[in-house]
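In my numbering, the protein residues as written are 2 to 362. Glycine included, C-beta positions come from ideal geometry on N, C-alpha and C. Here is the structure we will look at, set down as structure tokens.
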Amino acid sequence: MKQAIFLITLNQDIAVSRPVARFFRRDARLEIVFLVADAFRKRDVTGVWIRELMELARELCAQVISIEEPADAVRRLIGREGLLLSASESVLPAHELAHAVFLGAPPSLTRISLQHGLECIGFHHNEAHNQTWRHIIGMTGDVAVSWFEIDALRSVQPDQRAKIMAVGPPIGLEAPHATAQHRRGRRYSDAIHGLVCENLHSVRFKDRDRDVFVSQLLSFARKLEDLNGALDLRPHPGGRYLQKNQAPLPANVTMNSAPLYKQSLDKFAFCISGPSSVIFDMVWAGVPVAVWAPDEPGRDIGVYSSLHLVSDEREWLDFALAAARDPQPFLARQADFLAKLRIPADIPARYRELAALAHGP
């Protein structure tokens, strides 16, 4: 049987790979294999993501193979046929393990580099990416799988364009885009429940930005507490800035590190986040979103600039109350945001074409 082999090196690989692996097993009848790097296990200090991986492996009757280094992985790939996939493959140092495995993989495997976020290295950079790593960021895969049509990708290098295969975001395999319909009738109450997400490890933020975000978060939480409101605070799976720095949180704030795909997002009246792919997840789920950005000249919002923006705690609170009272204006704006991204219309059909590469070009 042909195989789809997923190389797991970073915590965030699980959420990207999960819907693809489930679809390949269910729809394409491919055997699923997970190559799990020791580096992944070390990064997963909470144990959340290795538990998720093992649960997924049981569901899919998948093999789980531990690897220590690239040479170990390459040895494990000899004699296998099908697809080798990674959501963390590029020439950047943070992706060096997957990059090295792809370089050494046998030709019997089609190497597939998955877009892993809205602003993703090699596909669609923000300005901070360009300033930090320059514009030239390539991938080794035979195929570079994108969420959007190529004319909506602004960072694909000329020598990479022939590799692009637009299939749509993996979340589209699990759930259809939520329309405004399911939010109609929701009105302000005395028990607003919202979500705040942080990705303060991002290169687009400086130390001052991080201090400002934490200060505004704490002030906003206290104001919301006065209104009998509550917050879930979601750290980035890889960065976990607030967890690592043990910021003191008010009593109405709960740390929420559970996978989004195991939560009912309808419980959130709003979401506030710095520029991060979690915003896309919330937009897809029909949750009113505000993008936090420091109030300074030349601030870098990138692809998120057409969404509602907040820069201080007063704007946080105004947005939260407005979204709880009437989400429709925000959802209409978010529908326009999605339309401009050029997402393929039939996502499952595109992934079937991708799975077919397991049987050769």
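Item: Between the Cα of Tyr352 and those of Leu174, Pro251 and Leu234, spot the shortest distance and give me the residue it belongs to.; Value: Leu174
Item: Exposed or buried, which one is Arg19 when buried takes at least 16 other CB atoms within 10 Å?; Value: buried
Item: Cα-Cα, which of Cys62, Glu60, Thr47 and Gly142 is closest to Leu8?; Value: Gly142
Item: Considering only their Cβ atoms, is the gap separating Ile15 from Gly169 smaller than 7 Å?; Value: no
Item: Could you tell me the alpha carbon to alpha carbon distance between Gln4 and Phe331, rounded to whole angstroms?; Value: 43 Å
Item: As a quick exercise: from Glu199, Leu57 and Met166, pick the residue whose alpha carbon is nearest that of Arg211.; Value: Glu199
Item: Going by CA-CA distance only, name the one from Pro236, Asp296, Leu11 and Lys224 that's closest to Arg100.; Value: Inspection of the sequence shows that residue 100 is occupied by His rather than by Arg. Closest option to His100, Cα to Cα, is Leu11.
Item: Grab the span of the beta strand (DSSP E) containing Met269 for me, first residue to last.; Value: Just to set this straight, residue 269 is Phe in the shown sequence, not Met. Counting along the chain, Phe269 falls outside any beta strand (DSSP E), and DSSP gives it neither H nor E.
Item: Does the distance from the C-beta atom of Ala167 to that of Pro345 stay below 7 Å?; Value: yes
Item: Nearest to Ser89 by CA position, among His117, Ala176, Asp296 and Ser258, is which residue?; Value: His117
Item: Distance, Cα to Cα, Ala291 vs Phe271?; Value: 8 Å
Item: Answer yes or no: do Ala221 and Trp317 have a C-beta to C-beta separation smaller than 7 Å?; Value: Position check: residue 221 holds Phe in this sequence, whereas Ala was assumed. In this structure, Trp317 lies closer than 7 Å to Phe221 by Cβ.
Item: Closest to Gly275 by CA distance: which of Phe149, Phe320, Leu98 and Val311 is it?; Value: Val311
Item: Classify Val46 as buried or exposed, calling it buried when 16 or more other Cβ atoms lie within 10 Å of its own Cβ.; Value: exposed
Item: What are the boundary residues of the beta strand (DSSP E) that His360 is part of?; Value: Here His360 belongs to no beta strand (DSSP E), and DSSP marks it neither H nor E.
Item: Which residues mark the beginning and the end of the alpha helix (DSSP H) in which Ser18 is found?; Value: Asp14 to Asp28
Item: Leaving aside the five residues before and after Ala356 along the sequence, list all residues of the same chain whose C-beta is less than 8 Å from its C-beta, in chain order.; Value: Ala5, Phe24, Phe25, Asp28, Ala29, Leu31 and Leu84
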